[in-house]
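Note that the sequence shown covers residues 5 to 300 in our numbering.
Glycine is no exception: its CB is placed at the ideal position from the N, C-alpha and C atoms.
Quantities reported herein were computed from a predicted structural model and do not represent experimental measurements.
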Amino acid sequence: MVNLKSRTSIAVMLQLALIGCGPEGPSGHSDDPLQLHLAANDDGSLKQMTFNEQTLGNNDGSFEKLATEIKQFVWKNGKAEGSDLQIDISADQRLRFEFVHRAASLSAGRFDEKTASWSKRINDVRLINPAASQSTAVPHSFSIDVPFLPEPDYGMVGVPDVKVRLTANDDGSLEMLTIGRRRLGNDNQAIDGLNHEILKIIGEPGNPLVADIEVEIDADGVLRYQHVVEAIKACNGRLGNNGWVTYIEKIKFAGIGSSRGQDEFLHEIDLSIDVLETGPEKVPGIHLPPPVEPPK
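Right under this line is the structure:
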């Protein structure tokens, strides 16, 4: 028989053990990446979303559950902005891209235009490369940049993003792949062409002068995820004789980590470039004051 004193000691030991354990990651360690998997139906719709082995469902309520789970996990770990957390997102290749984009956006947080404040959750969002299970020579995952965008600095113009656009047919197949204003097509040659265009931009792999270049991928929501993965791989690099050769590491999705103010800022930069190239009188919407004669 256990006496009252012994029961008290056991209770204290259990409380200390629970305090020492703390919240754990998916593999029993708080430093392990969070795991999110999105399974697809044959038509590309969402079949099931699983977060750390917990099924969340396949509707709008499922994404609300995901947002709550991530927020609670960040809070329990005492990381107000989730700066040390990682999340690995894997998805079936036939899944429509809109679901992957939504999951990544919820994981990363957002900029609230009404309050002009940034709500960040997880900085390190990684997409698991489906091809990594078949070959160890290709990257296991691709990091999706979650940039913090402060108030636009109209006095500085940084390195412009490389814009990659993917449009879709109604069945989710690739309708057109575009880099900048250059249309590359919709087949394997288009992906090879994208890889070649990226190499032309950086000059050579490892060029320090273009280390800050970032690729922004803007894809239609109905597009099958496999085409987005192919575009990411083409921008990231290629498989060489001695392994993977990296071209550009910084890759982000349009609509994640952006605000209207930044878009307006970039638009004004584009207008400024047009002014320099063609003259202000040929650019619609630009009205400059007449030149002032210098004092004699």
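- In the DSSP assignment, the residues bridged to L181 are L170 and G189.
- In the three-state reduction of the DSSP assignment, S145 falls in the strand class, which pools E and B.
- Secondary structure note for S111: it is in no beta strand (DSSP E), and the uninterrupted alpha helix (DSSP H) holding it is F101 to A112.
- For G259, there is no enclosing beta strand (DSSP E), as DSSP gives it neither H nor E.
- Per DSSP, reduced to three states, the secondary structure at I236 is helical.
- For D222, same chain residues with a beta-carbon under 6 Å away, outside a window of 5 residues either side, are R169 and A258 in chain order.
- Your pair I93 and V78 does not check out as a contact, with CB atoms roughly 16 Å apart and the cut at 8 Å.
- In the same chain as D149, and ignoring 5 residues on each side of it, the C-beta atoms closer than 6 Å to its own belong to K254 and K256, in chain order.
- Around the C-beta of R106, 16 or more other C-beta atoms lie within 10 Å, and the residue is accordingly described as buried.
- Short of 8 Å from the beta carbon of V249, and not among the five residues preceding or following it, lie these beta carbons of its own chain, in chain order: P209, G241, R242 and L243.
- Look at T72 here: in three-state DSSP terms it is helix.
- Contact between the region 213-222 and the region 59-72 is absent: fewer than 3 CB-CB pairs across the two stretches fall below 8 Å.
- In this chain, the beta strand (DSSP E) harbouring D92 covers Q90 to A95.
- A distance below 8 Å separates the beta carbons of I206 and Y251.
- In this structure, G48 lies near R100, with their beta-carbon atoms less than 8 Å apart.
- Here R98 really is in contact with A44; their C-beta atoms are around 5 Å apart, less than 8 Å.
- Excluding its 5 nearest sequence neighbours in each direction, H41 has C-beta neighbours in its own chain below 6 Å: T54 and S94, listed in chain order.
- Straight through space, the alpha carbons of D175 and K167 are spaced by roughly 24 Å.
- V142 and V232 have their C-alpha atoms roughly 16 Å apart.
- With distances taken between CA atoms, N199 lies nearest to A235 out of N211, A235, V214 and L178.
- In the displayed model, I195 falls within a helix according to three-state DSSP.
- A135 sits in a helix when the DSSP states are folded into three classes.
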